[in-house]
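Asks: Submitted below is the structure of interest, expressed as structure tokens.
In the working numbering, the protein residues as written are 876 to 2043.
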């Protein structure tokens, strides 16, 4: 293929593919863009051997997303990838023969549309494919009970493109140095970086992105590099000082925002894992004499590497040698560069992108690995560079997959249409997309999300791919007002209809036979008689005539009213009780906390949860205060004044009164108000500093036992419980244990006492919510055991100060008291034959291997379940999950909530990789790792994570990607963000703490993440960064998010960063005075106070807009986020930079670019 021919190029590395589910521009909670049709998934790079693809209709080329009459260019599949230093051809108008878009394509009619968003129209990625994929359209009626359509038939409607298009990155990208280098290589003219577009081949022939959209390259550009797949054009880079024109690439789907041009990412080092020495990985290769010091010196947090005495040749690195190039000199990474050196330029390559480390089988035997000491290799100064090479010295961050782009694409492609759940194995829109769900037989993704919606048929295939099969289940999730709550079905005294053998509940997948007299279980195939009262005739399709009248036959989620058989001791439960237990030790009183809680409870008690139509809440309340002893209060309605009873024998806890302790709020309103007025006065002069803790929980437990009901304890606690009592703790905080084998003890409770107490609480249905206000070490790892195992929550307000923290605490308390909770809950997950639930993660207790027990389960908590094969699955029948939650409602009603989900099964790995969901995968991996730190050194846990992800990606590369140069990093379309998100997990405070992170913080975060849902882990690990100065004050939408890197920040702008726990407002030093006045009400940058906990209420459009954005974000999160004002170059900026997760972290975490190179090496090692 000639150089001038339009090359079929590989998808660029960081830009999300048009085919990836689009994210709408207005951030996570944003509104959908009108008129944007739902998109298909991205195309895939060439057929996999042995994978039969359905033939597309005549004259239709799936890779394009629209019909094409012209004869397709037949391209060899190897040419489907491009070195990342290809900036992309200039956009030309389509030739006269360019086909019109199909009606379903996302193109406007007429010539190809340019991106509808700002920035320079760089197009990213594979065109959306209209080719068949595993899923019928949502509109197709779903017939439960009818046989599944054969695969070939289903593929006629599939909405998702053929096997996921891959992101490919030549390993020039990785800048990985291999072999020995000679300093004499001539510096090539530097090549520009930029995202190439890609059209993967589908079947033998196809037309390349609308044939003729690339402008031919002129011969003067020189021959293409030999090691890049032959025939791919390369763009000439600009010289220093010359700007790169925004290259117009063909836009396959309108609505792509390429990330803004970048200035640089600081190189970073990645700690090597155990085993073979890690081959070096770099931000990007420097040219000879070029420095790797990182971003420009104006960026304060990067430390440049020292100037070298002279350029030293590089010693051999672990890994196969580069195939054909002469060796080049390489240079060292900055600081503790565990990545070793970078390779110098190759002939015919842009300096920006040197070298092709081999990623597949090397041409010759690799040399024996040598240890490389990165610190011995100096790095040259910038001024030693030849002039045209200075501007480019590493991988362009815009050329690697961007989370922002993927989120935006999914929003624009999938935010406008409802997600209809009638089809098996559909991958839902991303959690960051605002979409509507229509339940037609499978549970909404708000209740269940899976790591993959197409699971391998055999355990061998699952082991080969290493993709964990898991579901993140949120049984009581809150639905948006437009969606219908699960229907409550009452079958009377006989209770729900169930399978005789496996006890699965009636659901849409049960098959009625013999005229409707019996049904065959979809989980275990056992045939069960239909009870006479439940009998109904079948129609001609074998479906029951009352199919649409019964939620359990037509919906994925519904509730049954439980009979007395489902209740403890075969008797219906009493309504639950709430007990408020307030620490009245010196710290709590002095900080104003006791008075604040008492004032708030006066009004809050009117908002206790109640069933929809009830006049008042059925929940009874009780009050306890404590320091070294416990004080119980009798607030019986007949009393004129509350009575206090003191229990000083904390070693043998009992409740001194039954009648009058738990009361109805309305009946005892005046007595309760009187008590709440008196408590702060009674303890105003206390000198008692010591507290107890375990006896407080025991007291609440005993009170609930005596009242024979379930309930929740709200404990407000300030200090380490060192008073003589059961559960007494000692201060064992020791930072010297970090990075040692004993580090795991910091996460473990210091005594087993609390585990036993938790077990008793779960048996009684006593859930504990703990509000902590520490001024020093408190041992969250131990105090958190009971809340965690009972399904409760922990809230932590370190160094609590009334003026700055009161709003946050009160918001959390209000929401915690008012939210929906199921008490005395038991959850079981049933699966169809072939897989079973083997592992569980979350805040709960398990007394056996199948039942997840929780004293309380609220609407924010998730339980993550991992599945393993115990037999073969079949593609025809797929796999089914049924999650059944038995709980007591806040009115004391015993209920069963059922969620059903059907998944596809596959015999081809490509189908597995095409139907994965990276956000859910990261949620599972984080929880798996966070549990791992309890029993293994943190380093072992980190290495295991890296290794598993490398295996997942290596398996894809080996079995699913079309053949291409060994030196390319190829990522599955659905998993192209796996490296960036995984790096965020590895750099998190639990796995890699910075010096300012306390032991309590780490234990707190570990527990928090373990029960987070997918949307929460998504923003927690990759925070959302919004340029406030770009916000449109006249619209309701959020400004477009930007990537989490310091180089994206401009000192003339104001940015907001949120991660679910904090909101930072970062103010650049050069922000216009008018903006500062409008937002903060002061006249200059220096006057902005960084102690503000809320933004001042000012009557101007900018202030209103920013406050509305903050309110909108707060509304999307389960906890009130702490607002922190950060001025550029201020001491708080270090904390803010910790959340710029694409950059190198101070605690040693790699930058995204470096980690990508590192993963590339890992994959290459696995493949070789």
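Every residue, glycine too, gets a C-beta built ideally from N, C-alpha and C.
1. Comparing alpha-carbon positions, which option in 1471, 1529, 1515, 1492 lies nearest residue 1506?
2. Write down the C-beta distance between residue 1951 and residue 1957 rounded to the nearest angstrom, noting that I regard them as a contact closer than 8 Å.
3. Whether or not the stretch 1686-1703 and the stretch 1641-1659 are in contact is what I'm after, with contact meaning three or more pairs of Cβ atoms, one per stretch, closer than 8 Å; do they touch?
4. Under 8 Å: do the stretch 1768-1780 and the stretch 1348-1355 share three or more Cβ pairs, one atom per stretch?
5. Could you tell me whether the Cβ atoms of residue 1740 and residue 1715 are closer together than 8 Å?
6. Tell me the DSSP secondary structure of residue 1597 in three-state form.
7. If you count every other CB in all the chains shown that lies within 10 Å of the CB of residue 1610, and 16 or more means buried, which is it?
8. What does the alpha-carbon distance come out to for the pair residue 1888 and residue 1523?
9. Output needed for residue 1438: all residues of its chain with C-beta closer than 7 Å, excluding positions within five of it in sequence on either side, in chain order.
10. Could you work out which residue in 1564, 1551, 1383, 1488 is closest to residue 1465 when comparing CA atoms only?
11. Just to confirm the assignment: which complete beta strand (DSSP E) runs, minimum length 3, are found wholly within the stretch 1959-2019?
12. Among 1320, 1880, 1656, which one has its Cα closest to the Cα of residue 1312?
13. When the Cα of residue 2043 is compared with those of 1841, 1746, 1779, which residue comes out closest?
14. I'd like to know whether the C-beta atoms of residue 1791 and residue 1326 end up nearer to each other than 8 Å.
15. Please specify which runs of the beta strand (DSSP E), each continuous and at least 3 residues long, are wholly inside the stretch 1449-1521, giving them in chain order.
16. Spatial neighbours of residue 1897 within its chain, please: CB distance less than 8 Å, with the 5 preceding and 5 following residues excluded, ordered by chain position.
17. For residue 1877, count the other beta carbons within 10 Å of its own beta carbon; 16 or more makes it buried, fewer makes it exposed. Which is it?
18. Could you check whether the stretch 1601-1610 touches the stretch 1545-1560, counting it as contact only if at least three pairs of C-beta atoms, one from each stretch, sit closer than 8 Å?
19. Kindly identify the DSSP beta-bridge partner or partners of residue 1331.
20. Does DSSP put residue 1766 in a helix, a strand or coil?
21. With distance defined between alpha-carbon atoms, name the residue in 1306, 1447, 1562, 1434 nearest to residue 1992.
22. Taking C-beta to C-beta, are residue 1281 and residue 1852 nearer than 8 Å?
23. In the DSSP assignment, find the alpha helix (DSSP H) that holds residue 1891 and state where it starts and stops.
24. Looking at the structure shown, is residue 1876 part of a helix, part of a strand, or coil, going by DSSP?
25. If we ignore side chains and look at the alpha-carbon of each, how far apart do residue 1807 and residue 1816 end up?
26. Would a C-beta distance cut-off of 8 Å place residue 1702 and residue 1661 closer than the cut-off?
27. According to DSSP, is residue 1401 part of a helix, a strand, or is it coil?
28. Would you identify the three-state DSSP class for residue 1661, choosing helix, strand or coil?
29. Rounded to the nearest angstrom, what separates residue 1796 and residue 1825 at their Cα positions?
30. Comparing alpha-carbon positions, which option in 1621, 1682, 1572 lies nearest residue 1628?
31. Under 6 Å Cβ to Cβ from residue 1874, same chain only, skipping five residues before and after it: list those, please.
32. When you compare the CB positions of residue 1532 and residue 1519, do they come within less than 8 Å of one another, or not?
33. In the structure shown, what three-state DSSP assignment does residue 1242 receive?
34. Would you check if there are 3 or more beta carbon pairs closer than 8 Å linking the stretch 1338-1349 to the stretch 1382-1401?
35. Assuming residue 1827 contacts residue 1342 under a Cβ cut-off of 8 Å, what Cβ separation, rounded to an integer in Å, is found between them?
36. Buried or exposed for residue 1470, going by 16 or more other Cβ atoms inside 10 Å?
Replies: Judging by the given coordinates:
1. 1529
2. 6 Å
3. The stretch 1641-1659 makes contact with the stretch 1686-1703, as at least three CB pairs between them are under 8 Å.
4. yes
5. Yes.
6. coil
7. exposed
8. 42 Å
9. Once the five neighbours on either side are set aside, the close Cβ partners of residue 1438 are 1368, 1370.
10. Out of 1564, 1551, 1383, 1488, 1564 has the C-alpha closest to the C-alpha of residue 1465.
11. 1997-2002
12. 1320
13. 1841
14. yes
15. 1452-1458, 1495-1501, 1505-1509
16. 1278, 1855, 1856, 1859, 1919, 2016
17. buried
18. no
19. 1781
20. Note: residue 1766 maps to coil in three-state DSSP.
21. 1306
22. yes
23. 1889-1896
24. helix
25. Their backbone Cα atoms lie some 6 Å apart in a straight line.
26. no
27. Residue 1401 falls in the coil class under three-state DSSP.
28. helix
29. 14 Å
30. 1572
31. 1608, 1621
32. no
33. With a pLDDT of 38 at residue 1242, under the threshold of 50, the modelled position of that residue is not reliable, and the figure given next carries that caveat. Coil, per DSSP.
34. no
35. 6 Å
36. buried
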